[in-house]
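Engineer:
There are 2 protein chains.
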Amino acid sequence: MIDFSRRNSPSSGPLGQRKPLGVVGGMGSLATAKFLELLARNSRAKRDQDHVPFIALSLPSISDRSQAISNGSDAPLLQILERAHWLEKAGCGAIAIPCNTAHLWVSEIKQALSVELINMVEITRQAISASRGREIHNLRSIALGTSASMQHPLYVRPSENGFGKDFIQNLKQIQSDTVKIIDDVKSGNLNDSQTNLMRVIRSARSFDPDLIILSCSELSAISGDLGDDNDIIDPIHFLASACIEWWMAEGRSSPNLMTNRS
Amino acid sequence: MIDFSRRNSPSSGPLGQRKPLGVVGGMGSLATAKFLELLARNSRAKRDQDHVPFIALSLPSISDRSQAISNGSDAPLLQILERAHWLEKAGCGAIAIPCNTAHLWVSEIKQALSVELINMVEITRQAISASRGREIHNLRSIALGTSASMQHPLYVRPSENGFGKDFIQNLKQIQSDTVKIIDDVKSGNLNDSQTNLMRVIRSARSFDPDLIILSCSELSAISGDLGDDNDIIDPIHFLASACIEWWMAEGRSSPNLMTNRS
C-alpha cells in the first residue's frame, strides 16, 4: 500500500475544487490515453461526476529518454520537471507519469516536487510482492521495455534470473523485437504491433518465467486483455489503481471535500 | 474544411511552447480518453515529439447535461465555460469538447471564447456533406444519443426523415435502450455495453437509414471499429481529425514554430 501521507492542503485546486491528479503525458501520447482510459474504467464511479478529476499536460517535445540515457544526458529530466512543476502550480495534488523509462529519474523527480509523485515502479513492485508473497528479485522475471530500461533495469536485471545461457543468447532478439514494437506504436504503425507483441511474449514464455513485465507504457497501450493473464504484469494498470486509491484516500481524510465544489 | 483563421498569437503557450490544444474533459471520462486515443492514433506522427500537444482539464463535477436541459437550466454551460476559460488562460490555442450534448450550448461557448472552439457538430455535418454530396437533412439519418440530444437534436430530427409510423413507434425503444447503454458506460458497467450497442444498431438498421450517427461520445468510447462501417457516423473521429488539422495548420502559418521549443 503506497503511503499518501505527504499531502498538501486538499482544497485550492483549479476553479476552487479539490486538487486533481496531475498527469505528465506525451511519453508517448497513446500510452497517456491508455492510462486515462484505465483511470476511467477502474474508478468504480457510478456517474460522470464521481470520476477522478485530472489535468493532463501533454507537451510531447520531451527529448527521447532512451537516447538521453545512452548519451548520459539528463535533458528529459529537466523537461519532465518543468511539466510536473507546471501541474503543481496549476493546483494538482499528486503527479502521475505513465512512462516507465521516465522513472529512471524517479528520485530526482520525487525530491523536486512538493506534492506526492505516485511512483509506478514502486507500486508495481509492491503489487508483485503482495500477490506472489515474494520480492520481485526472487522471481524469475523478464521485463520487456525500451533500450534504456533494459540497460538500466527498472524492475529486474535479466542476468540475475538464472534463465541460463540459452536465454541470454535469445534475449538480444527479444529486446530488439520489443524496441521495434515500441517504435511502431509511437509512430502510429499499429496494424501488426499487437501480433508482434504476442510473438515476443510467446518467445519469452518459452523460458518459463514466473513473470513477464510490460515495462514500457507503449506496450501497455496495445496490451488489450493481456494483463488478465497470470504471468503478465502491466504496470500502468497498477498506476491507474493507485491514482484512484489516492483520490479516494484524499476524500476520506477530508470528508467535507468528498464531492467537488463548483 | 473548418476555418481556423480566428487565431491568437501561436506562441506563448505553457513553458514557452506553441499554444497546445485545450480539451474540456470529463463528459464523460471514458469518452475523453477515447478522444485522446484517436488524437494519438490519427496524428500521423513518426515519434513521440511529433504528436499534438494538449492540456486536458477533466473536472467531471459538471452538472448532468440531460437533466439540466430537461429542467431548462444552464448550469452546465457556466461550468463548461469556467473550464474552457481556464484552458484559454493556461495558454491553449483552441478548445475541443469531446461531448455532443455540450454542443447544445455551442453558440454561447463560441461567443465567450477568444480562441477557436473546434465545433464537433459543425465538423461532422461538413464531413457528411462532403462524403455524401448531400446535406444531412436530405439524408435518412438516425441519431443515437442522450435524452437531451434526442429532445433537442444536434444533427437531425427523426420525424423529418420519413421513416414512417412504424419507425416512430420503435424509436422510443431505440432511444431508451441507447440511454441505458450511455449510463452503463458512465458507470463503468462495460461488460455488455458493446453487445447492447450492436443490438440497437441492428434495430436502427432495420429501417434502412442512410446514416446512423453516434451522437453521444460515450457510444464512441465503446464503438470499436464500428466507425469503419459505411453507414455509421462517429463524430469524435471527425473532432480528433479536425484538431490534428488545426495543429498542422497553425504550424504551417508559423513555420518557425513548427517544432516545439523547450
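Quick mapping for you: the protein sequence lines, in order, are chains A and B.
For what it's worth, the working numbering labels the leading residue of the first sequence as 1, then goes sequentially.
For what it's worth, the working numbering labels the leading residue of the second sequence as 1001, then goes sequentially.
Here a beta-carbon is modelled for each residue, glycine too, at the ideal position from N, C-alpha and C.
(1) Helix, strand or coil for VAL1024(B), going by three-state DSSP, please let me know.
(2) Near GLU1088(B), which residues of its chain fall below 8 Å by C-beta distance, leaving aside the five closest residues on each side in sequence?
(3) Output yes if chain A places a C-beta closer than 7 Å to the C-beta of ALA1242(B); else output no.
(4) Should GLY93(A) go down as buried or exposed, given a rule of 16 or more other Cβ atoms within 10 Å for buried?
(5) Closest to HIS1152(B) by C-alpha separation, out of SER1070(B), ALA1240(B), ARG1018(B), LYS1019(B), would be which residue?
(6) Do the stretch 40-51 of chain A and the stretch 120-140 of chain A touch if we need at least three Cβ pairs shorter than 8 Å?
(7) When you compare the CB of TRP247(A) with every CB in chain B, is at least one pair closer than 7 Å?
(8) On a CA-only basis, which of LEU57(A), TRP86(A), ALA102(A) is nearest PRO76(A)? Give me that one, please.
(9) Compile a chain-ordered list of the residues in the stretch 41-56 of chain A whose CB is closer than 7 Å to at least one CB of chain B.
(10) On the CB-based measure, 16 or more other CB atoms within 10 Å of its CB, does SER12(A) come out buried or exposed?
(11) Would VAL156(A) and ILE174(A) be called neighbours here (beta carbons separated by less than 7 Å)?
(12) Could you round the C-beta distance between ILE1236(B) and VAL1052(B) to whole angstroms and report it? I think they count as a contact, below 8 Å.
(13) Short of 9 Å Cβ to Cβ, which residues in the stretch 170-186 of chain A face chain B?
(14) Under 8 Å Cβ to Cβ from ARG1199(B), same chain only, skipping five residues before and after it: list those, please.
(15) Counting only beta-carbon atoms, is PRO1098(B) nearer than 7 Å to chain A?
(16) Can you list, in chain order, the residues of its chain with a C-beta nearer than 8 Å to that of LYS1110(B)? Leave out the 5 residues immediately preceding and following it.
(17) Can you name the residues of chain A whose CB is closer than 7 Å to the CB of MET1027(B)?
(18) Using a Cβ-Cβ cutoff of less than 6 Å, which residues in the same chain neighbour ARG1007(B) once the five nearest sequence positions on both sides are dropped?
(19) For ILE1062(B), I'd like the list of residues in its chain whose CB is within less than 8 Å of its CB, leaving aside the five on either flank, ordered along the chain.
(20) Can you tell me whether DSSP reads LEU267(A) as helix, strand or coil?
(21) Return the residues of the stretch 1082-1111 of chain B that lie within a Cβ-Cβ distance of less than 8 Å from chain A, sorted by chain order.
(22) Just to make sure I have the definition right: I need the residues of chain A whose C-beta is within less than 8 Å of the C-beta of PRO1014(B). Which are they?
(23) Is the CB of LEU1030(B) under 7 Å away from at least one CB in chain A?
(24) Out of curiosity, what's the CA-to-CA distance linking ALA1031(B) and ASP1225(B)?
(25) According to DSSP, is LEU190(A) part of a helix, a strand, or is it coil?
(26) Rounded to the nearest angstrom, how far is the Cβ of ALA1040(B) from that of ALA33(A), given a contact under 8 Å?
(27) Under 7 Å, Cβ to Cβ, is there at least one residue of chain A near ALA1127(B)?
(28) I'd like to confirm the pairing. Which residues does DSSP put opposite ILE233(A) in its beta bridges?
(29) Between ALA1148(B) and chain A, is the shortest Cβ-Cβ distance under 7 Å, so that the two count as touching?
(30) So, does the CB of ARG252(A) fall closer than 7 Å to a CB anywhere in chain B?
(31) List the residues of chain D that GLN1067(B) touches, going by C-beta distances under 9 Å, in chain order.
(32) Quick check: what's the CA-CA separation for VAL1179(B) versus SER1187(B)?
(33) Could you please give me the residues that DSSP links to LEU1057(B) through a beta bridge?
(34) Please report the straight-line C-alpha distance between LEU38(A) and GLY1164(B), rounded to a whole angstrom.
(35) How about SER1066(B) and ALA1148(B): are their beta carbons less than 7 Å apart?
(36) Taking 6 Å as the cut-off, is the C-beta of GLY1164(B) nearer than that to any heavy atom in the ligand COA?
Structural biologist: Let's see:
(1) Here residue 1024(B) corresponds to residue number 24 of the second sequence, with the count starting at 1. Strand at VAL1024(B).
(2) Residue 1088(B) sits at position 88 when you count from the first residue of the second sequence. So the list reads GLY1022, ILE1095, LEU1113, SER1114, VAL1115, once near-sequence residues are dropped.
(3) Locating residue 1242(B) in the second sequence gives position 242, counting from the first residue. The beta carbon of ALA1242(B) sits no closer than 7 Å to any beta carbon of chain A.
(4) As a working mapping, residue 93(A) is identified with position 93 in the first sequence. When all chains shown are included, GLY93(A) counts as buried.
(5) Start at 1 with the first residue of the second sequence, and residue 1152(B) comes out as number 152. Nearest of SER1070(B), ALA1240(B), ARG1018(B), LYS1019(B) to HIS1152(B), Cα basis: SER1070(B).
(6) no
(7) Indexing the first sequence from 1 puts residue 247(A) at position 247. Residue-level contact check: TRP247(A) does not touch chain B, since none of the beta carbons of chain B fall below 7 Å from its beta carbon.
(8) The sequence position of residue 76(A) within the first sequence is 76, counting from 1. Of the candidates LEU57(A), TRP86(A), ALA102(A), the one whose C-alpha sits nearest the C-alpha of PRO76(A) is ALA102(A).
(9) ARG41, SER43, ARG44, ALA45, LYS46, ARG47, ASP48, GLN49, HIS51, PRO53, PHE54, ILE55, ALA56
(10) For the purposes of this step, residue 12(A) is identified with residue 12 of the first sequence, where counting begins at 1. Flag for SER12(A) reads exposed.
(11) Taking the first residue of the first sequence as position 1, residue 156(A) is located at position 156. Taking the first residue of the first sequence as position 1, residue 174(A) is located at position 174. Not in contact: VAL156(A) and ILE174(A) (Cβ atoms no closer than 7 Å).
(12) Within the second sequence, numbered from 1, the residue matching residue 1236(B) stands at position 236. Within the second sequence, numbered from 1, the residue matching residue 1052(B) stands at position 52. At roughly 15 Å, the Cβ-Cβ gap does not stay under 8 Å, so ILE1236(B) and VAL1052(B) are not in contact.
(13) ASP183, LYS186
(14) The sequence position of residue 1199(B) within the second sequence is 199, counting from 1. Hits under 8 Å: ASP1177.
(15) Here residue 1098(B) corresponds to residue number 98 of the second sequence, with the count starting at 1. No, because no Cβ of chain A sits closer than 7 Å to the Cβ of PRO1098(B).
(16) As a first step, residue 1110(B) must be located in the second sequence, where it is residue number 110. Cβ neighbours of LYS1110(B) beyond the five flanking positions: LEU1117, ASN1119.
(17) Position 27 of the second sequence, counted from the first residue, corresponds to residue 1027(B). Per Cβ cutoff of 7 Å: ASP48.
(18) Here residue 1007(B) is taken as the residue at index 7 of the second sequence, counted from 1. For ARG1007(B), the pLDDT reaches just 46, beneath the cut-off of 50, and the residue's location in the model is therefore unreliable, although a value from the coordinates is still provided. Excluding positions up to five away in sequence, the list is empty.
(19) Your numbering for residue 1062(B) matches position 62 in the second sequence. Correct list, in chain order: GLY1026, MET1027, PRO1076, GLN1079, ILE1080, ARG1083.
(20) Because chain A is modelled from 1 through 262, residue 267(A) falls outside the range shown and cannot be assessed.
(21) GLU1082, ARG1083, TRP1086, ALA1090
(22) The count along the second sequence starts at 1 and reaches residue 1014(B) at position 14. Correct list: LEU57, LEU59, TRP86.
(23) Reading the second sequence from its first residue, position 30 is the one you call residue 1030(B). Chain A, which has a Cβ nearer than 7 Å to the Cβ of LEU1030(B), makes this yes.
(24) Start at 1 with the first residue of the second sequence, and residue 1031(B) comes out as number 31. Start at 1 with the first residue of the second sequence, and residue 1225(B) comes out as number 225. Distance between the alpha carbons of ALA1031(B) and ASP1225(B) is about 15 Å.
(25) The count along the first sequence starts at 1 and reaches residue 190(A) at position 190. Looking at LEU190(A) - three-state DSSP - the assignment turns out to be coil, as it is neither helix nor strand.
(26) Within the second sequence, the letter at position 40 stands for residue 1040(B). Within the first sequence, the letter at position 33 stands for residue 33(A). About 5 Å separates the two Cβ atoms, so the contact holds.
(27) Within the second sequence, residue 1127(B) is the residue found at index 127, counting from 1. False, the Cβ-Cβ gap to chain A never drops below 7 Å.
(28) Numbered from 1 along the first sequence, position 233 holds the residue referred to as residue 233(A). For ILE233(A), which the question treats as bridged, DSSP gives the partners ILE213(A).
(29) The residue labelled residue 1148(B) in the question sits at position 148 within the second sequence. Not closer than 7 Å to any Cβ of chain A, the Cβ of ALA1148(B) fails to qualify, so no.
(30) Here the question's residue 252(A) lines up with position 252 in the first sequence. Not an interface residue.
(31) Of the protein chains in the structure, A and B, none is chain D.
(32) By 1-based counting over the second sequence, the position of residue 1179(B) is 179. By 1-based counting over the second sequence, the position of residue 1187(B) is 187. Cα to Cα, VAL1179(B) sits roughly 12 Å from SER1187(B).
(33) For this step, residue 1057(B) is matched to residue 57 along the second sequence. Beta-bridge pairing links LEU1057(B) to ILE55(A), VAL1024(B).
(34) As a working mapping, residue 38(A) is identified with position 38 in the first sequence. As a working mapping, residue 1164(B) is identified with position 164 in the second sequence. So the alpha carbons of these two residues sit roughly 43 Å apart.
(35) As a position in the second sequence, residue 1066(B) is number 66, starting the count at 1. As a position in the second sequence, residue 1148(B) is number 148, starting the count at 1. For SER1066(B) and ALA1148(B), yes; Cβs fall inside 7 Å.
(36) Absence of the ligand COA is noted for the structure shown, with no ligands found whatsoever.
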